[in-house]
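Here's the structure we're looking at; comments come further down.
Residue numbers (the numbering used here): 257 to 448.
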């Protein structure tokens, strides 16, 4: 058993409570901030696929940003949970296109949407620190996915969070993948 598991469980509960408390008050401003500020990465030949996530629970809605990025030359996508213990897969999707229910009833692109490997991933989280560590839900989906993708090409990971989700230091282990940036309703943080 992971010796950090009980500590991470407590940290997740505390972080979820902080995020939930901010969500109703800040959700519209946070989504607008993501759209109105410059994105930290520019699309370029051979590196122009960005994935976001369909908001779940009290996550910031990244769909308006995804729509903006599609208009700036990015190929946009959403993640799909295949099964526990496995990396995510990604299918091309733009806001307004059809979705089907996925794992936990989170909307996802249909099976006929093309598979893609993103170059930039917008990553949900419960807590983050400025070194680039994130605390997720505990399934390890994004850590496995980032490791797999980063073994084949340069990949940028951008956490999306409310500023209240920042902590001094996130508990982490050797398998935890670092974020390059975090976008909050207040600022863009360059990690490291």
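Note that the Cβ used here is the ideal one computed from N, Cα and C, for glycine as well.
Beta carbon of residue 307 nearer than 9 Å to that of residue 334: The count along the chain shown starts at 1 and reaches residue 307 at position 51. The count along the chain shown starts at 1 and reaches residue 334 at position 78. The answer is yes: Cβ separation under 9 Å.
List the whole-angstrom C-beta distance separating residue 268 from residue 394, where the pair is believed to meet the contact cut-off of C-beta under 8 Å. For the purposes of this step, residue 268 is taken as residue 12 along the chain shown, with counting starting at 1. For the purposes of this step, residue 394 is taken as residue 138 along the chain shown, with counting starting at 1. At roughly 7 Å, the Cβ-Cβ gap stays under 8 Å, so residue 268 and residue 394 are in contact.
If the criterion is Cβ atoms closer than 9 Å, does the pair residue 324 and residue 291 meet it? Taking the chain shown and counting its residues from 1, the one referred to as residue 324 is at position 68. Taking the chain shown and counting its residues from 1, the one referred to as residue 291 is at position 35. Closer than 9 Å, so yes.
Terminal residues of the continuous beta strand (DSSP E) containing residue 346? Here residue 346 refers to the residue found at position 90 of the chain shown. Where residue 346 is concerned, the enclosing beta strand (DSSP E) stretches over 345-348.
Is DSSP giving residue 327 helix, strand or coil here? The residue labelled residue 327 in the question sits at position 71 within the chain shown. Correct three-state label for residue 327: helix.
Using only alpha-carbon positions, find the residue among 353, 262 and 289 that is nearest to residue 418. For the purposes of this step, residue 418 is taken as the residue at position 162 of the chain shown. Proximity to residue 418 across 353, 262 and 289 peaks at 289, based on C-alpha coordinates.
Residue nearest to residue 422 in terms of C-alpha spacing, selected from 261, 278, 258 and 293: Stepping through the chain shown from its first residue, residue 422 is reached at position 166. For residue 422, the closest alpha carbon among the candidates 261, 278, 258 and 293 is that of 278.
Relative to the C-alpha of residue 263, which candidate in 330, 427 and 321 has its C-alpha closest? As a first step, residue 263 is located in the chain shown; it is residue number 7 there, counting from the start. When C-alpha distances from residue 263 are compared across 330, 427 and 321, the shortest belongs to 427.
For residue 425 and residue 445, what's the separation of their Cα atoms in angstroms? Position 169 of the chain shown, counting from 1, holds the residue named residue 425. Position 189 of the chain shown, counting from 1, holds the residue named residue 445. Whole-angstrom Cα-Cα distance: 15 Å.
For the alpha helix (DSSP H) containing residue 263, list its first residue and its last residue. As a working note, residue 263 is residue 7 in the chain shown. Residues 261-292.
Where the beta strand (DSSP E) containing residue 437 begins and where it ends: Position 181 of the chain shown, counted from the first residue, corresponds to residue 437. Taken as a continuous stretch (DSSP letters only), the beta strand (DSSP E) holding residue 437 covers 437-439.
Output yes or no for whether 9 Å exceeds the beta carbon distance between residue 316 and residue 376. Stepping through the chain shown from its first residue, residue 316 is reached at position 60. Stepping through the chain shown from its first residue, residue 376 is reached at position 120. The Cβ atoms of residue 316 and residue 376 lie no closer than 9 Å to each other.
If you draw a straight line from the alpha carbon of residue 354 to that of residue 447, how long is it in whole angstroms? Mapped onto the chain shown, residue 354 falls at position 98. Mapped onto the chain shown, residue 447 falls at position 191. Approximately 35 Å between the Cα atoms of the pair.
One or two residues paired with residue 412 in a DSSP bridge: Position 156 of the chain shown, counted from the start, is the residue given in the question as residue 412. In the DSSP output, where bridge partners are listed per residue, residue 412 has 376.
Please report how far the alpha carbon of residue 342 lies from the alpha carbon of residue 442, in whole angstroms. Residue 342 sits at position 86 when you count from the first residue of the chain shown. Residue 442 sits at position 186 when you count from the first residue of the chain shown. The straight-line gap from Cα to Cα measures roughly 33 Å.
Could you check what DSSP says for residue 397 in three-state terms: helix, strand or coil? Here residue 397 refers to the residue found at position 141 when the chain shown is read from its first residue. Residue 397: helix per DSSP, three-state reduction.
Exposure label - residue 261; buried when at least 16 CB within 10 Å: As a first step, residue 261 must be located in the chain shown, where it is residue number 5. Exposed: under 16 other Cβ atoms inside 10 Å.
DSSP three-state label for residue 319, please. As a first step, residue 319 must be located in the chain shown, where it is residue number 63. For residue 319, the secondary structure class from DSSP, reduced to helix, strand or coil, is helix.
Count the other C-beta atoms from every protein chain shown that fall within 10 angstroms of the C-beta of residue 352, then say buried if there are 16 or more, exposed otherwise. If you number the chain shown from 1, residue 352 lands on position 96. Residue 352 is exposed by the Cβ-count criterion.
Alpha carbons only, please: which of 321, 336, 345 and 284 is nearest the one belonging to residue 358? Counted from its first residue, the chain shown places residue 358 at position 102. Residue nearest to residue 358 within the set 321, 336, 345 and 284 is 336 (criterion: CA-CA distance).
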